[in-house]
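For reference, the structure is listed below as structure tokens.
This is the structure:
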């Protein structure tokens, strides 16, 4: 899978940027949910955490892609 992503032009830097963007998106999702929903802080935290779980995946992909790039 990693070699296929690399062949498609996905770089480790892209994955790292996606990880950092997901951290920012987590905060924005939480903030928007707290301000706009009546469900309360618990619902906002669940939504923020859902998006926040993407960051480690993107960083792990970045590491795997970096290893793949070093093989070339």
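Residue numbers (the numbering used here): -17 to 54.
Every residue, glycine too, gets a C-beta built ideally from N, C-alpha and C.
Give the straight-line distance between the Cα atoms of residue i and residue j, rounded to the nearest whole angstrom.
{"i": "residue 26", "j": "residue 35", "result": "14 Å"}
{"i": "residue 4", "j": "residue 40", "result": "9 Å"}
{"i": "residue -9", "j": "residue 52", "result": "15 Å"}
{"i": "residue 1", "j": "residue 46", "result": "14 Å"}
{"i": "residue -4", "j": "residue -13", "result": "11 Å"}
{"i": "residue 6", "j": "residue 12", "result": "10 Å"}
Within 10 angstroms of the Cβ of residue i, are there 16 or more other Cβ atoms? Answer buried if so, exposed if not.
{"i": "residue 44", "result": "buried"}
Looking at the secondary structure, which residues open and close the alpha helix (DSSP H) in which residue i lies?
{"i": "residue 18", "result": "-6 to 18"}
{"i": "residue 34", "result": "23 to 34"}
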